[in-house]
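Protein chains: 2
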Amino acid sequence: MNDKAADRSMSQTVRAQLALRDMVLSGQLRAGERISELQAVDITGVSRTPVRMALVRLEDEGLLQAIPSGGFMVKAFSERDILDSIELRGTMEGLAARLAAERGASVRQLEPLKQCLGDIDDLVRQDPISVDAFSAYVALNARFHALLNELCGSAPVMRQIDRVAALPFASPSAFVMAQSGLPEAHQILLIAQDHHRAVIDAIENREGARAEAVMREHARLAVRNLRLALRSRTHLDLLPALTLVTQAADK
Amino acid sequence: MNDKAADRSMSQTVRAQLALRDMVLSGQLRAGERISELQAVDITGVSRTPVRMALVRLEDEGLLQAIPSGGFMVKAFSERDILDSIELRGTMEGLAARLAAERGASVRQLEPLKQCLGDIDDLVRQDPISVDAFSAYVALNARFHALLNELCGSAPVMRQIDRVAALPFASPSAFVMAQSGLPEAHQILLIAQDHHRAVIDAIENREGARAEAVMREHARLAVRNLRLALRSRTHLDLLPALTLVTQAADK
DNA sequence: TTGGCGATTGATGTATACATAAAACCGGTC
DNA sequence: GACCGGTTTTATGTATACATCAATCGCCAA
Chain A
300 MNDKAADRSM
310 SQTVRAQLAL
320 RDMVLSGQLR
330 AGERISELQA
340 VDITGVSRTP
350 VRMALVRLED
360 EGLLQAIPSG
370 GFMVKAFSER
380 DILDSIELRG
390 TMEGLAARLA
400 AERGASVRQL
410 EPLKQCLGDI
420 DDLVRQDPIS
430 VDAFSAYVAL
440 NARFHALLNE
450 LCGSAPVMRQ
460 IDRVAALPFA
470 SPSAFVMAQS
480 GLPEAHQILL
490 IAQDHHRAVI
500 DAIENREGAR
510 AEAVMREHAR
520 LAVRNLRLAL
530 RSRTHLDLLP
540 ALTLVTQAAD
550 K
Chain B
300 MNDKAADRSM
310 SQTVRAQLAL
320 RDMVLSGQLR
330 AGERISELQA
340 VDITGVSRTP
350 VRMALVRLED
360 EGLLQAIPSG
370 GFMVKAFSER
380 DILDSIELRG
390 TMEGLAARLA
400 AERGASVRQL
410 EPLKQCLGDI
420 DDLVRQDPIS
430 VDAFSAYVAL
440 NARFHALLNE
450 LCGSAPVMRQ
460 IDRVAALPFA
470 SPSAFVMAQS
480 GLPEAHQILL
490 IAQDHHRAVI
500 DAIENREGAR
510 AEAVMREHAR
520 LAVRNLRLAL
530 RSRTHLDLLP
540 ALTLVTQAAD
550 K
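The listed protein sequences correspond, in order, to chains A and B. In terms of our numbering, the first sequence has 469 at position 170, counting the first letter as 1, and numbering is strictly consecutive. In terms of our numbering, the second sequence has 464 at position 165, counting the first letter as 1, and numbering is strictly consecutive.
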């Protein structure tokens, strides 16, 4: 897709990683399918060494699964795997928020977070929210979560959060776009933003348990988004990595 | 150390990984120190390709840190990083336990866990606990935690738990051996075992919140173990990866 | 002495040839 | 027709040569 400027400046490894990831997420490589290195070479146009590196990285991300005898296959996810991954993210973001609250956050640290909060407010205030506004929300939401996670000041915690959120359906705003056309969409965004406000309030007041609970419930909005999008069956193409979901999870 | 049988059957990549990991954990490679691929080739005796693979894997484990311009260095941990990693494990084991409780565990699933519980009981019952018994406890404890985590039935959750527990000081029984000689040791083991009993009871009765809370507190015993071992300064050599801990965490 | 700039060194990134092991295939036999 | 053994194929594992980029060192000038 975006091969123009990218192909020139990036390393072969990254290029291969992006190309393969795209093919996995778009379903061109199906769940359970084996990806041989040679095949990946054909796809990406780079040699085996960076291809191999890219495959290892993608296994790390959670998109591929190592085959015991060697090589990789596209990982298959059950519907519950997705829900569990969301719950996992909520749990870890909850931990980060609790730590931030317990340890205290300075005004200086909270300032950019409140700024971001205000920016999102401006977005969700408009009554019919445009598609562009949904896109902008996704970006601002990602920023808000990143800033929030930083607040705990713990590198190990942040690292783990990043690792679960690397899964395409576990990221903070994974299913926002998919339900953007639905009537419930605006209301859900308002609720999500209220969670944002609540967690900052909790952190300011050093209410660890509350901060944690808010973030857990916040993540569960993603579950609601997913269910809505699946039921209405509109914009199913906007759902990330749907092709990776199999009926029977064959691990 | 165990180069005899190992060197023959394993792949070069695994061999390099083990050798480098040993050198990091034993402090022969110090925190913050860069490990060049050529240097690693000299150390391990294998060529650059498997060395490179091993370095990537070790970064994954969390022992190494990628340098933006390329290459790797030994990661430095602050004391709080260690405490946070333990809290992280507790939080995720808590999640697993809660899910197990909420979803219910069959008698068939609980049976091996209770068997393991009984085995540990037999160990901690003896009054002066021998050093061998401490070693046996470490093994049984690892098994108990593994079985417990399986109970949630969620591959993503189990995967993440394994990833945090891969850190040498975040594993379930990281600091058990280090405090084995102290007078408080026996008592702590009894408490830990009571946690084990409590979490199974909670899961059987579908008490999700209780199961979660127990596992969180259970992990904090590791913090106590660590503090005890540090204060008494006996068996400091049994503390894993102490050389990776720096006064000022320079990330 | 210090600051900047160019050459040299040494690092990683990449491609590819070779070694080896797994898997597929095919023929024969029971 | 199904199973078993050997052969062929195809996969990954490994080593190494080459390309490229960053960093360092040393020299020169201000």
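Positions of the beta carbon are idealized from the N, C-alpha and C atoms, including for glycine. Remember, predicted model here, so these are calculated numbers, not experimental data.
Three-state secondary structure assigned by DSSP to residue i
i, result
"B:Arg-333", "strand"
"A:Val-345", "coil"
"B:Ala-365", "strand"
"A:Met-309", "coil"
"A:Val-355", "helix"
"B:Val-475", "coil"
6 Å Cβ shell around residue i - same chain, five flanking residues per side excluded
i, result
"A:Thr-533", "Gly-480"
"B:Gln-364", "Met-372, Lys-374"
"B:Gln-515", "First, the amino acid is wrong: residue 515 of chain B is Arg here, not Gln. Result list for B:Arg-515: Gly-389, Gly-393, in chain order."
"A:Leu-543", "Ala-330, Phe-376"
"B:Arg-442", "Cys-415"
"B:His-517", "His-494"
"B:Ile-428", "His-485"
"B:His-395", "According to the sequence displayed, residue 395 of chain B carries Ala and not His. Result list for B:Ala-395: Asn-448, Cys-451, Val-456, in chain order."
When the options are compared against residue i, the one with the closest alpha-carbon
i, options, result
"B:Leu-525", "B:Arg-496, B:Gln-478, B:Ala-464", "B:Gln-478"
"A:Ala-330", "A:Leu-520, A:Met-372, A:Met-391", "A:Met-372"
"B:Gln-327", "B:Glu-336, B:Arg-314, B:Val-313, B:Ile-342", "B:Ile-342"
"A:Leu-529", "A:Gly-361, A:Glu-516, A:Phe-474, A:Gly-389", "A:Phe-474"
"B:Glu-392", "B:Arg-505, B:Ala-469, B:Leu-363", "B:Ala-469"
"A:Gly-369", "A:Arg-333, A:Val-544, A:Arg-347", "A:Arg-333"
"A:Glu-401", "A:Ala-432, A:Phe-433, A:Asp-431, A:Arg-505", "A:Arg-505"
"B:Ala-432", "B:Ile-419, B:Ala-518, B:Glu-386, B:Gln-338", "B:Ile-419"
"B:Leu-362", "A:Ile-385, A:Pro-455, A:Ser-377, A:Leu-488", "A:Pro-455"
"B:Glu-410", "B:Ala-339, B:Asp-359, B:Val-544, B:Ile-499", "B:Ile-499"
"A:Leu-412", "A:Asp-536, A:Ala-497, A:Gln-311, A:Ala-484", "A:Ala-497"
"A:Leu-357", "A:Val-313, A:Leu-337, A:Ser-377", "A:Val-313"
"B:Ala-445", "B:Thr-348, B:Val-340, B:Ala-465, B:Arg-523", "B:Ala-465"
"A:Leu-527", "A:Thr-545, A:Ile-487, A:His-517", "A:Ile-487"
Own chain, CB closer than 8 Å to residue i, minus 5 neighbours either side, in chain order
i, result
"B:Ala-508", "Arg-397"
"A:Asn-301", "The predicted model places A:Asn-301 with a pLDDT of 39, which falls under 50 and marks its position as unreliable; any figure quoted below should be read in that light. So no residue of the chain qualifies."
"B:Ala-399", "Leu-447, Leu-450, Cys-451, Gly-452, Ile-502, Ala-510"
"A:Pro-482", "none"
"B:Arg-519", "Ile-385, Glu-386, Gly-389"
"B:Ile-366", "Arg-333, Met-372"
"A:Asn-440", "Ile-419, Pro-471, Ser-472, Val-475, Ala-491"
"B:Thr-545", "Ala-330, Gly-331, Ala-375, Phe-376, Ser-377"
"B:Arg-347", "Glu-336, Leu-337, Val-340"
"A:Arg-523", "Ile-487"
Same chain, Cβ closer than 7 Å to residue i, five either side skipped, listed in chain order
i, result
"B:Val-437", "Ser-472, Val-475, Met-476"
"A:Leu-324", "Pro-467, Pro-539, Ala-540"
"B:Gln-311", "Val-345, Pro-349"
query: Does the region 381–392 of chain A come within contact of the region 339–358 of chain A, defined as at least 3 CB pairs closer than 8 Å?
result: Contact between the region 381–392 of chain A and the region 339–358 of chain A is absent, because fewer than three Cβ pairs lie under 8 Å.
- request: Pick out the complete alpha helix (DSSP H) segments inside the region 429–472 of chain B, 4 residues or longer, and give them in chain order.
  value: As summarised for the region 429–472 of chain B, the continuous alpha helix (DSSP H) elements at least 4 residues long and confined to that stretch are 430–449, 454–464, given in chain order.
- prompt: Between the region 404–413 of chain A and the region 456–469 of chain A, do three or more beta carbon pairs fall short of 8 Å?
  reply: These segments do not touch.
query: Counting only runs that start and end within the region 364–415 of chain A, where is the alpha helix (DSSP H) found for 4 or more residues in a row?
result: Secondary structure within the region 364–415 of chain A: the alpha helix (DSSP H) runs of 4 or more consecutive residues, fully enclosed, are 378–402 (chain order).
task: Examine the Cβ distances between the region 478–497 of chain A and the region 421–428 of chain A and report whether three or more of them are shorter than 8 Å.
output: Result yes; three or more Cβ-Cβ pairs closer than 8 Å.
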